[in-house]
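Down below is the structure, laid out as C-alpha cells.
In full-length UniProt numbering, the protein residues as written are 1 to 128.
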C-alpha cells in the first residue's frame, strides 16, 4: 500500500514528543503529526490532546523523498460537522441600490442646504 498525499487514514499514536506525535499507519509505516497540525487552536502541550495508544484519523499532507510522512489531524477533520453555506441571493439589484442611494443623498443635500441657508439669513440676503 503506497501512501498518497491527500488520503485520509486511521492510525495509532505510538509516541509523543514536545514537537508532535508519531502515528503508525495501517501498512506499518510511521508518520509525524506536527504539533501545529493537531488542532485548529494553539496547542501548548500536546499531551492535553493526544495520548499514546489513541486511535486517530489523519490526512497525509506530504511524503518526503527520504520517506518521511507528514500527517495532519486538523486537516482530516475539516468540514466535519459544518453545514455547507448556501450562497446568499441579493435582495436588491444594483439599480435599486443606486436609486435608493441617490434619493437618500438628495434628501441629505436638501436638508443641508436648508440648514445652511437659515444660518445665513435665508435666500436673497445681500452681502454688504
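Even for Gly, the Cβ is constructed at its ideal location relative to N, Cα and C. This one's a predicted model, so the numbers in the text were calculated from it and none came from an experiment.
Asked: Quick one: what's got a C-beta closer than 7 Å to residue 43's C-beta in the same chain, skipping five residues either side?; Found: 35, 49
Asked: Anyone know if the C-beta pair for residue 24 and residue 60 falls short of 8 Å?; Found: no
Asked: Please report the straight-line C-alpha distance between residue 67 and residue 53, rounded to a whole angstrom.; Found: 23 Å
Asked: Which of the three DSSP states, helix, strand or coil, is assigned to residue 55?; Found: strand
Asked: Given a cut-off of 8 Å, decide if residue 29 and residue 69 are closer than it, judged by their beta-carbon atoms.; Found: yes
Asked: Pick helix, strand or coil for residue 14, following the three-state DSSP scheme.; Found: strand
Asked: What did DSSP end up calling residue 91 once you bin it into helix, strand or coil?; Found: coil
Asked: State buried or exposed for residue 78, treating a residue as buried only when at least 16 other CB atoms are found within 10 Å of its CB.; Found: exposed
Asked: One question on the structure: do residue 38 and residue 58 come within less than 8 Å of each other, judged by their Cβ atoms?; Found: no
Asked: Looking at the structure shown, is residue 151 part of a helix, part of a strand, or coil, going by DSSP?; Found: Since the first and last residues shown for the chain are 1 and 128, residue 151 lies out of range.
Asked: Near residue 14, which residues of its chain fall below 6 Å by C-beta distance, leaving aside the five closest residues on each side in sequence?; Found: 22, 24
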